[in-house]
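Read left to right, the sequence shown gives residues -9 to 149 (my numbering). C-beta atoms are modelled at their ideal positions from N, C-alpha and C, and glycine is treated no differently.
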Amino acid sequence: MDVRFERTEHTTVEWLTPPELVKQLGAFDLDPCTPVHPPFVHATHNFTIHDNGLAQPWFGRVYLNPPYGKGMEKWLEKLKIHGNGIALIFARTETKCFFDHIWHDAHAVLFVKGRIKFYTTKGEQKGTPGAPSIFIAYGEENAELLKNSGIAGKFLYLK
Ligand SMILES: C[S@@+](CC[C@H](N)C(=O)[O-])C[C@H]1O[C@@H](n2cnc3c(N)ncnc32)[C@H](O)[C@@H]1O
């Protein structure tokens, strides 16, 4: 097994979003959870684990692909409260996280068609997860940008 990708999404933290996908969503001001040595960045400002992005004030338009596993919902809760950004997580639509922070709070979602091929911190595109992905837009402008992104999938307004 490739140790750069661990067994399940519950133990993996380094699934890096393909930069071409993020570009389709427009420019972002902040990625609050960036690798310490990123092969690319998605936003103008970036917090790493050394900053603890969860404890920092967030600003502007946020791109969030959070560390997976226990505690992930704290990141979604913070984006919900911030109200301006787009998140990418696995489409575990039955979970408490979806019912507490997404279904009743986000403006729109896009269920991604097929499986995203994520990058490693070495900049190699070789990780295909065992779960589908979903983009979640908070704020009306982000919903429109997600709708018009051209990313293949099923877009749905939630509000
Ligand atoms: C799923 S990866 C996503 C990376 C990047 N946002 C992207 O989409 O390409 C989650 C990242 O969060 C980082 N991370 C973990 N805990 C963090 C924390 N407390 N504060 C900031 N970053 C953290 C990990 O090092 C990892 O790079």
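Please report the Cβ distance between glutamate 63 and lysine 86, rounded to the nearest whole angstrom; I am assuming they are in contact, meaning their Cβ atoms lie under 8 Å. The Cβ separation is near 7 Å, so the contact holds.
Between which two residues does the beta strand (DSSP E) containing leucine 100 stretch? Per DSSP, leucine 100 belongs to the beta strand (DSSP E) from 98 to 102.
Can you tell which of Ala33, Asn55 and Phe18 has the C-alpha that lies nearest to the C-alpha of tryptophan 5? Asn55
Quick one: Cα of asparagine 132 to Cα of glycine 75, how far? 6 Å
Would you give the residue range spanned by the beta strand (DSSP E) that phenylalanine 80 belongs to? 75 to 80
Helix, strand or coil for alanine 133? Go by DSSP, reduced to three states. helix
Taking glycine 73 and tyrosine 128 to be in contact with their CB atoms under 8 Å, please state how far apart those CB atoms are, rounded to whole angstroms. 5 Å
Paired residues, beta bridge with valine 52 - DSSP: For valine 52, which the question treats as bridged, DSSP gives the partners Leu20 and Gly75.
Taking only the alpha-carbon atoms, compute the straight-line gap between aspartate 19 and asparagine 36 and give it to the nearest angstrom. 9 Å
Taking the DSSP output, what are the residues bridged to histidine 35? Leu20
Determine the DSSP secondary structure at lysine 144, reduced to helix, strand or coil. When DSSP states are grouped into helix, strand and coil, lysine 144 belongs to the strand group.
CA-CA distance, proline 47 and leucine 69? 11 Å
Taking only heavy atoms of ligand 1 into account, decide whether any of them is closer than 7 Å to the Cβ of aspartate 19. For aspartate 19, the CB stays at least 7 Å from every heavy atom of ligand 1.
Here's the rule: buried if 16 or more other CB atoms are within 10 angstroms of the residue's CB, otherwise exposed. What is cysteine 71? According to the sequence displayed, residue 71 carries isoleucine and not cysteine. That one is exposed.
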